[in-house]
Structures are given as C-alpha cells and as structure tokens.
C-alpha cells in the first residue's frame, strides 16, 4: 500500500511531476485531463507545502481551472495573474534568502491578499507540474529529466 502523498510530505527537497495529458491508465476517465490522479497528488502536496497560499475555495478553484486548461487558456490566465514574472521571482528569491533551509509547511504567503495568493498559486504550480502530451506507455524524452530546483 504505497501512499505517495504521505511519502512526499516527508520529503523536503525539490521535485516536479510529469503529467501525461492523454494518459488512459492514470486518468479515471480516459481523455479527461481533470480526472488524472496526478492532479490530486499535486493538490495535496501544494496545500501541505504552502497552506497560506492554497487556503481558500477561490484560489483552489483557480488552480483547478488552470491545470485543466489547454495551452491557450493557460497563457490567458498567466497573462491575467502572472504578467510580472520578475516580481514573482524576486519575492520568492527574497523568501529563500530569509529561509535558506526548506521546511514544510511553509509560511510563504503570510499576510498576502487574495489576489497575491492567486498570483502565486499559479506561479508555484508551474514550478511543480510539467505536462507531456502523450499516452501512458510513450517513453519520456530525455529533456524531461533534470534536477529540480527549489521553488520556495
């Protein structure tokens, strides 16, 4: 009985999930990205690591909308919420400087407004989730294998 969520909660290091967008095995309904069980793993671990960011229904709804969107819809949401990537990078970098050892749950997001939490909700998920447009048995290209960096 492998509980991936609990195992990831014990791990404080960086990681990313590669989600196959056409996966017919991991998805509860083949061809429906919103039923990919990797999504639930992602929701649980982001909520655990960043409870001050992913702490309200509006932000969680936005997160679900974003990760289940096609590439055009994602670009529109990125433009709406994360148009100033440099600012988001600067704020996460400053937090890492003040908190050099990653430990979770993180206090990142303390005193953030709803809009700030939503902006970082999308920014953070892009650090943890990589989509690969394929079915379950398609080999992953080598370009998908790299050492992840610490997000926050």
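Residue numbers (the working numbering): 830 to 981. Quick reminder that beta carbons are idealized off the backbone N, C-alpha and C, glycines included. Computed from a prediction, not measured in an experiment: that's the story for all the values here.
Item to check | Inter-residue Cα distance where the pair is residue 883 and residue 955 | outcome: The straight-line gap from Cα to Cα measures roughly 14 Å.
Checklist entry - Measuring CB to CB, does residue 881 end up less than 8 Å from residue 844? => result No, Cβ-Cβ distance for residue 881 and residue 844 is not below 8 Å.
Next on the checklist: Our contact map puts residue 834 next to residue 896 with C-beta atoms below 8 Å; I'd like the distance itself, whole angstroms only.
Outcome noted: No, residue 834 and residue 896 are not in contact; Cβ-Cβ is about 17 Å, not under 8 Å.
Next on the checklist: Please classify residue 856 as buried or exposed, where buried requires at least 16 neighbouring CB atoms within 10 angstroms.
Outcome noted: Result: buried.
Next on the checklist: Tell me whether the stretch 885 to 899 and the stretch 945 to 963 touch, counting them as touching only if at least three CB pairs, one residue from each stretch, are closer than 8 Å.
Outcome noted: Two segments are said to touch when three or more pairs of C-beta atoms, one from each, lie closer than 8 Å; by this definition the stretch 885 to 899 touches the stretch 945 to 963.
Checklist entry - From what residue to what residue does the beta strand (DSSP E) around residue 960 run? => result Per DSSP, the unbroken beta strand (DSSP E) holding residue 960 starts and ends at 958 to 961.
Checklist entry - Can you give the Cα-Cα distance for residue 911 and residue 962, rounded to whole angstroms? => result Those two C-alpha atoms are separated by around 24 Å.
Checklist entry - Taking the alpha carbon of residue 887 as the point to measure from, which residue in 903, 850 and 948 has its own alpha carbon closest? => result Looking at the Cα atoms, 948 is the closest of the given residues.
Next on the checklist: Please state whether the Cβ-Cβ distance between residue 979 and residue 946 is less than 8 Å.
Outcome noted: In this structure, residue 979 lies away from residue 946, with their beta-carbon atoms at least 8 Å apart.
Checklist entry - How many angstroms separate the CA atom of residue 960 from the CA atom of residue 831? => result Near 23 Å, if we compare the C-alpha coordinates of residue 831 and residue 960.
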